[in-house]
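S.K.: Handing you this structure, nothing more for now.
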Amino acid sequence: MDFLYAILIDPFVQMVELPDFLLQVLWEGFVAGVLYALIALGFVLIFKASGVFNFAQGIMVVFAGLTLVGLHEKGVPAYLALILTIGVMGVLALAVERFVMRPLVNQPDIILLMSTIGLTYFLIGFGEFIFGGEPKQMITEELGLPTGSTAFEIGDGGLLILQHIDIAAAVIAIIMVGCLAVFFNKTRIGRALRAVADDHQAALSVGISLNQIWAIVWFAAGIVALTTGIMWGARSDVSFALEIIALKALPVLILGGFTSIPGAIVGGLIIGIGEKIGEIYWGPLVGGGIESWLAYMIALIFLLFRPQGLFGERIIERV
Amino acid sequence: MSTSVSTQAATQPNILEVNNIEVIYDHVILVLKGVSLVVPEGGIVALLGANGAGKSTTLKAISNLLRSERGEVTKGSIEFEGKRIEAQTANELVRRGCIQVMEGRHCFGHLTVEENLLTGAFTRRDGNAAIKRDIEMVYNYFPRLRERRTSLAGYTSGGEQQMTAIGRALMSRPKMILLDEPSMGLAPQLQEEIFEIIKKLNEQEGVSFLLAEQNTNIALRYATYGYILESGRIVMDGAAKDLRENEDVKEFYLGVGGEGRRSFKNVKHYKRRKRWLA
Amino acid sequence: MNARIKHVELHAEDDGLNPGDVMLKLDNVSLAFGGVKAISDISFDILKGEIRAIIGPNGAGKTSMLNVINGFYHPQQGVITFRGQARSRMQPYEAAASGIARTFQNVALFKGMSTLDNIMSGRTLKMHKNFFWQVLNVGPARNEEIEHRLKVEEIIDFLEIQHIRKTPVGKLPYGLQKRVELGRALAMEPDLLLLDEPMAGMNLEEKEDMSRFILDVNSQMGTTIALIEHDMGVVMDISDRVVVLDYGRKIGDGSPEDVKNNQDVIDAYLGVSH
Amino acid sequence: EELFVPLFSYRTGPFAGSGIPIANGMHDYLTMLNERDGGINGVKIRVGECETGYDTQKGVECYEQVKSEGALVISPYSTGITLQVIPKASVDKIPVLSMAYGLSAAAEGNTFPWVFNPPNTYWDGASAIVTDIANREGGAENLKGKKIGYIFLDAGYGREPIPLLEQMSSDMGFELLQYPVPGKEMQNQSSQWLNIRRDRPDYMIMWGWGAMSPTAVKEATKIRYNMENFYGIWWSGGNDDAAAGGEAAKGYRTLNFHGVGSDFGVIQDIKKYVVDAGKSQVDPAKFADNLYNRGVYNSMLIAEGIRRAQELTGKTVIDAVDMRSGLENLDITEARLKEIGMEGFALPMKLSCEDHSGHHKVYVVEWDGKDWKKAGDWFSPDVDMVKPLLKKAAADYAESNAPWPERTEACLN
Amino acid sequence: MLYRESGQYKTSYIADQAIFPIREDRIGMMIIGAIALAIPFVASDFFLNAIMTPFLILALAAIGLNILTGYAGQLSLGTGAFMGVGAYSCYKLTTIFPDVNIVILVLLSGFFSAGIGVIFGLPSLRIKGLYLAVTTLAAQFFLEWCFIRIPWLYNYNSSGAIEVPERRGFGDIVLTGPAAGAMTQYFVVLAIVVVVTFAVKNIVRGRIGRQWMMIRDMDIAAELMGVRPLTAKLSAFAVSSYLCGVAGAMFIFFYLGAAEPSAFSITLSFQILFMVILGGLGSLVGSFFGAAFIWGLPIVLRAGLPAMGIDINAETVFHVATMIVGALIIFFLIVEPHGLARLWSLAKEKMRVWPFPYG
Ligand SMILES: Nc1ncnc2c1ncn2[C@@H]1O[C@H](COP(=O)(O)OP(=O)(O)OP(=O)(O)O)[C@@H](O)[C@H]1O
Ligand SMILES: Nc1ncnc2c1ncn2[C@@H]1O[C@H](COP(=O)(O)OP(=O)(O)OP(=O)(O)O)[C@@H](O)[C@H]1O
Ligand SMILES: CC(C)C[C@H](N)C(=O)O
Ligand SMILES: [Mg+2]
Ligand SMILES: [Mg+2]
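Residue numbers (our numbering), protein chains in the order written: chain A, 22 to 340; chain B, 8 to 285; chain C, 5 to 278; chain D, -6 to 406; chain E, 71 to 429.
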């Protein structure tokens, strides 16, 4: 009975008792969700365009962030460093297309997945080789991003603290999604991307230029990664430890469906908010730390009802 | 053996020339052992042969899709409109007007039928209106597709997918189409229709065709010239009507022996296989 | 036929049916996908021992019909009676267990496995030795494996595919894949064999071979066969009865001769040239 | 003819932020001895770094590797690795020097003849922090009813002081709230800090390392936690750790047991012989910061241990077994500190066969927004409370790891 | 003609179904066996302890994953955690039954991870492909969490790590714990791995293995042929997790000697996955190749790069090694997506047609 009370009633009592705290929890979940969504977005771009599950997206986030900060440390002014970093991501996209994707055209998904994990290792080694392995502080102010926070009084004595950088992250994420949606709805490219994801060989046979398309989407994913890197780097430092957080994008992606841009956003928010609420209100019942797997469980439960994710394409079964 | 280059249609320039190519899969499996053929501008050439003879491989060698199957052309040359094309990508080739319809349909399962057709127009730059017109044209050729235009191609029937694949290739407005088993899985009526379409495109738009086809009967009726491929070698070639008259072809590919059409019910069960190259 | 086939003991289990009895019966079966009516209110039957052809234009619902029969699609309406047992839905492996085997329109072989293993896979339902014997690979499990290997080798001989026994099927040319697929279905020793366009993509010689195999299976092993095929020559020559579908409806049913002269069928399917 | 001193370092990965200054400090002191004195008593030191990434499994790999190369002493630089090599080291007869980290109970030299953890154990650290809190509250009795939060890296390291903290909580009547931070989520502590915000603990104690510490400091400032009530163990006192919180981190306190900055003879020598000679990897801006100096201190212990072993055995080229006796008989006096340029840098220290730690004095430093400032005098942890508990813990360890070997090594002091 | 099958006729199916039907292969196996037995007498303890023993153990784990991913086609990212289940079970078992021979306990502990594997395999009936990865990731992170949050699992050690106790067996030889000899542990591991590998080989070439491959290659067709997806998939999960569990238990008891929960992290899962992919999906020898490559390469690079005078800093060596491993993974996938095993069989093919370039 007590147990049921603790699970079913108590958390809600807590929520009502401290509404400002609940709001804070929701906000933290929301912000985390936005950042998950940004990483997931990078995945979606590449998956949509090639059927490749780009495991390296997480590391690209770190790599982009590190490049930016690293260049700045070497004395390059912030904005120039930003432009150079965009350039570096472009070069990376071209290199990936030329040396990974092109030779592996028409290979099974799992092989492509593995190659991106290989890429992950390569980028970790390369990034640390060049910029060193220690965490670095994001050049938030130098880039003109807001810092500091605003506190709102709620009720009597309640406090909701919003970090300006988080607000900025949410805004930028929304703008980014808008832009990408437009980019993908330019039907010719958008359709070609989906065709490639379905069948590389057939896409080749109708004359879709895989090379060009892949370079473009990897570059786009690189830009998304850079944005994510800046935003996330501003919250915690930029270091390769972020890479593991990037794994969270997987449940997000799966929840939203691999191919859906809105899916990435909705999935990100569900996971971000869900795991925060779960951790804060239910976590203590089992000793805390459930955040480390809650996201996956949430995704798993959704999948049992919709095996292709919330917005994913139907899984075709026919003989 | 192969007399083609000199004898065939010397008057027209050749749109496609394949010279003595060898193809190896996986670095060890030799599949084509010196295949040469030509397709004259505006010709319909049929490539005939048993299963596994290497027809599809030949077509893929031309359209440059071999590489993605870990095969490579190790000898010989391929020229399209007088230029070597072995080093080009499939995309460049389509841009230049040579497209392949692959065996086994290869539709984009998650795209609708209409979207499938639209991807065929990927390389085109002549505007939406023209593309719309051509979609209509494809729908007129294949009314069944109009009905299924919004279905995901993955769910359509085998024949519908075949139509989609052919329609998709037409959408690129090619000068030359490499057709791999166009009639496979189509209802008899449609098989005729497909070949009528081929003929029409050939006559009205000057599209050249190289077809790999098992249905020898129909293929030789529409083609101008034919090659017979066996175990990776061209074993016979000649004008379609000559081939139709050839006794061996009659026996083994057309099923008409001395006493007219044989019945499938009375096929004798013994090794009848006769091979030019044993 | 020849002597070789004689000792092949591939025959249907004795189910009390005599040749000519109704083996499978569909009553008012309907199946729709969203708005698409793949099958509307179709009834027909298959008699034991016959070769029953199903023909019709592309997208008429032929494949869907086979899918319904062996439980891959579940019809919204109608009853299917197989050997006297009526049912409205069952799982594919139950259909397989009750003696229905099939081949597929788009070859559905197990691409990563050799020809031998593919055909052995047809014996799945007949092998029972448990896990622990298999781990040890001695005694019963090994004997079982050898015993079934013998049967499979007979099928391999029968279909004349000895030379590709150990080749991974993914690399075989299309026509041979179809043949292996037939072998795999035969290995199940089915009572009812469903063939979906077994001769698509074959040249004449190969079609003749395939016809011969089908006829042999039918006559030597007593297997009942339902056959989808677009080659009218073949259909007319080897089938006992033909059912014609169009847009999910049945537009003709009867002997090859009847069907050939049925005006509806000519309009919808055969066209003038036949 | 060399003295092989392996360093388990992590200049890469999420813990590199803390690992790099430590590795530099350790490396540079030993190099300085080579450069300035030609080694120790004429024998060159071979310094070999093995990269562990603070990963226990890699640490074990490193251990196997340096063992095969004839290591004199193991400095695992991770409590997790220390715990894993303790049983092996006693069998392989290589001393483990876990300076102010590792298994607290290893201070019991009779149970753990091969392990050394001077100058303090984690339990000393925990007791020292609570002592400081008690002083600020005006006496240990005022802790009753207070809430003290403990945020820690959820690994061998962060778990080590828990038994002691729990003991103190029940003895002194304060409530202990635990906030574990999983290693892989170090940089994402928002849930922990949300919980802290809800629970409102009066004091926070942190056992953080690597990227965990700066993130925690930053999060603390975000929820506007009173930084003066936020204590870190000595390892959470990296300059970058505190700097991550910027101005708002002012007041953050950690323990320390050696000098900060470069105003010491030894540091000047390092600068002269190593850094300026381009033989160091240290970033000049980070030279002589807190963790760097700690690395220097650690290497000093190793060097002194070697010297002592040479004295005891009369050999110049010693082996690992000799090294053990050297460490056990360490006695670094005021005079000795002066000789090696560490006057005012560290306190004298002495080890014995029974006591491999010494439970020496520590002091509190406070972050002033730019650098660490001494915030109070050297004081002693509650040794009387800690020692008996350690004894018991050592006995428990031996029991649960039966058959734990009896000490057979002779005691030379 | 260096390697020829022609001329070696089989007169019975038994002979044809032998594991090594070709004489050259049999000879090769014997040579490898002889080397495996001789190694401990010539190699250093370091080589045995740090290279050979973990290589064999990881090869077994790779075989485990190969069953699931390579044979049954179910992608799993949770191998590390399943290994952990084996390790923790073995630890608990030996705590509870200190007198039972540890080898038996190691083999038993696999059953616990098989059980857990089956539970996490259940969603595979509905969820496929990459989507299934999330299930296994859920398993990975959930189990890792359990290893930390259930103190009973590690006997309430304050460090949260498990320490391998000393265990003797086979006539009072020290098998585990710090005092165990490198050679002893090597031989125990070798024996277990060889026996289990042969057992697995028997399974995969029999009915059960065929069912897995059927499900992998075309699940719909498999079902239409009478395979029950439930039994086929779950049995794959069970066998795979069993092997991983045994490997995990050996990893701790015969190699690491102690473990924190982080020893079974996602990194380990990926490492094993690499071994499988690089070695060759659906190939048992491949698993050995893959394990040798992924385990050996960094060690070789870390030892080799400084020796070649490339660099001196430990961490630079580390970074460069990481880079090279990443690049080589991509390189091998490009050269042969089907893995080293396929490369090996192509090489054999080449030898067969030698001196001609192709046949
Ligand atoms: N990817 C591949 N790898 C290895 N061998 C292959 C591959 N593709 C085809 N082959 C082999 O090449 C030979 C020729 O195959 P191809 O597909 O060109 O024949 P085909 O004439 O088109 O036959 P079909 O009429 O059956 O389509 C066959 O023996 C086949 O096994
Ligand atoms: N799973 C499905 N989902 C949606 N529509 C389907 C599905 N299966 C079949 N259909 C539709 O049902 C109709 C009948 O398909 P079916 O495959 O049975 O045709 P068919 O007679 O076999 O044609 P063909 O000769 O071209 O193979 C088609 O229009 C097809 O698009
Ligand atoms: C320097 C380090 C050893 C401190 C570390 N956090 C530990 O594991 O104890
Ligand atoms: Mg072909
Ligand atoms: Mg069909």
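Each residue gets a CB set at the ideal place from its N, CA and C atoms; glycine is no exception.
Among the residues of its own chain, which have a CB less than 8 Å from the CB of C/D25, if the five just before and after it don't count?
M.R.: L51, K52
S.K.: Can you round the beta-carbon distance between D/W227 and D/P154 to whole angstroms, since I take them to be within the 8 Å contact cut?
M.R.: Actually they do not touch by this definition, with Cβ atoms about 12 Å apart.
S.K.: Do C/G60 and ligand 5 come close, with the Cβ less than 7 Å from some heavy atom?
M.R.: no
S.K.: Just verifying my parser: in three-state terms, what is the DSSP assignment at D/F372?
M.R.: strand
S.K.: Can you pull the chain A neighbours of D/S184, defined as C-beta to C-beta under 7 Å?
M.R.: K297, E300, I301, E312
S.K.: Using 7 Å as the cut-off, classify the Cβ of B/A219 as near or not near the heavy atoms of ligand 4, replying yes or no.
M.R.: Yes; taking the cut-off as 7 Å, the Cβ of B/A219 has a heavy atom of ligand 4 nearer than that.
S.K.: State yes or no: is the C-beta of A/G254 within less than 8 Å of the C-beta of A/V273?
M.R.: no
S.K.: Less than 8 Å between the C-beta atoms of A/P167 and A/A191, yes or no?
M.R.: no
S.K.: Is there contact between the region 75 to 94 of chain A and the region 298 to 307 of chain A, where contact requires at least three CB pairs shorter than 8 Å?
M.R.: At 8 Å Cβ cutoff, the stretches do not touch.
S.K.: Going by the CB atoms, is the gap between D/P106 and D/R400 shorter than 8 Å?
M.R.: Inclusion of D/R400 and D/P106 in the CB contact set at 8 Å is warranted, their separation being smaller than that value.
S.K.: Under 7 Å Cβ-Cβ, which residues of chain B neighbour E/K420?
M.R.: Chain-ordered, the chain B residues with CB closer than 7 Å to the CB of E/K420 read V35.
S.K.: Looking at B/V120 and B/R155, is the spacing between their C-beta atoms short of 8 Å?
M.R.: yes
S.K.: I want to see whether chain E comes within less than 8 Å of D/N394, judged by CB atoms only; does it?
M.R.: yes
S.K.: Quick check: the region 32 to 39 of chain D against the region 280 to 288 of chain D, are at least 3 beta-carbon pairs closer than 8 Å?
M.R.: no
S.K.: Short check: CB of C/M94 to CB of C/G82, under 8 Å?
M.R.: no
S.K.: If we define contact as Cβ-Cβ less than 8 Å, is C/S277 a contact residue for chain B?
M.R.: Only weak support is given to the placement of C/S277: the predicted model assigns it a pLDDT of 45, under 50, and the value that follows is read from those uncertain coordinates. True, the Cβ-Cβ gap to chain B drops below 8 Å.
S.K.: According to DSSP, is E/G251 helix, strand or coil?
M.R.: coil
S.K.: Report the residue ranges of all alpha helix (DSSP H) runs contained in full by the region 105 to 186 of chain C; include only those spanning at least 4 residues, in chain order.
M.R.: 119 to 125, 135 to 140, 143 to 163
S.K.: Quick check: is any heavy atom of ligand 3 less than 7 Å from the C-beta of A/W239?
M.R.: no
S.K.: To test your reading of the DSSP string, which unbroken beta strand (DSSP E) runs of 3 or more residues are found completely within the region 210 to 252 of chain D?
M.R.: 223 to 225, 246 to 249
S.K.: Starting from the N-terminal side, write out each stretch of the beta strand (DSSP E) that is 3 residues or longer and does not extend beyond the region 141 to 210 of chain A.
M.R.: 170 to 175, 179 to 184
S.K.: Any idea which residues DSSP pairs A/A58 with across the strands?
M.R.: According to DSSP, which records beta bridges pairwise, A/A58 is partnered with nothing at all.
S.K.: To which residues of the same chain is A/G299 closer than 7 Å at the C-beta, ignoring the five residues directly before and after it?
M.R.: I311, L315
S.K.: Tell me which residue opens and which closes the beta strand (DSSP E) that D/W397 is part of.
M.R.: Neither: D/W397 is in no beta strand (DSSP E) and is coded neither H nor E.
S.K.: Write down every uninterrupted run of the beta strand (DSSP E) in the region 135 to 209 of chain B whose length is 3 residues or greater and which is fully enclosed by it, in chain order.
M.R.: DSSP assignment within the region 135 to 209 of chain B yields the following whole beta strand (DSSP E) runs of 3 residues or more, N-terminal first: 183 to 187.
S.K.: Whole angstroms are fine: how far does the CA of C/L113 sit from the CA of B/E24?
M.R.: B/E24 and C/L113: Cα-Cα distance of roughly 36 Å.
S.K.: Would you report the Cα separation of E/L107 and E/I121, rounded to the nearest angstrom?
M.R.: Spanning the two alpha carbons is a distance of roughly 15 Å.
S.K.: Any heavy atom of ligand 4 closer than 7 Å to the Cβ of B/Y234?
M.R.: no
S.K.: Less than 6 Å between C-beta atoms, sequence neighbours within five positions excluded: which residues of the same chain meet that for E/F334?
M.R.: G150, A151, M153, G154
S.K.: Give the single residue among B/A172, B/R74, B/Y260 whose Cα lies nearest to the Cα of B/F106.
M.R.: For the record, residue 106 of chain B in the displayed sequence is Ile; it is not Phe. Closest option to B/I106, Cα to Cα, is B/A172.
S.K.: Answer yes if the region 195 to 205 of chain B comes into contact with the region 94 to 111 of chain C, meaning at least three C-beta pairs across the two stretches below 8 Å, and no otherwise.
M.R.: no
S.K.: Mind checking who B/C105 pairs with in its DSSP beta bridge?
M.R.: B/M183
S.K.: Shorter than 8 Å from the beta carbon of C/I165 to some beta carbon of chain B?
M.R.: no
S.K.: Give me the Cα-Cα distance between D/D234 and D/D361, rounded to the nearest whole angstrom.
M.R.: 13 Å
S.K.: Distance check for D/G238 and D/G244, CA to CA, integer angstroms please.
M.R.: 11 Å
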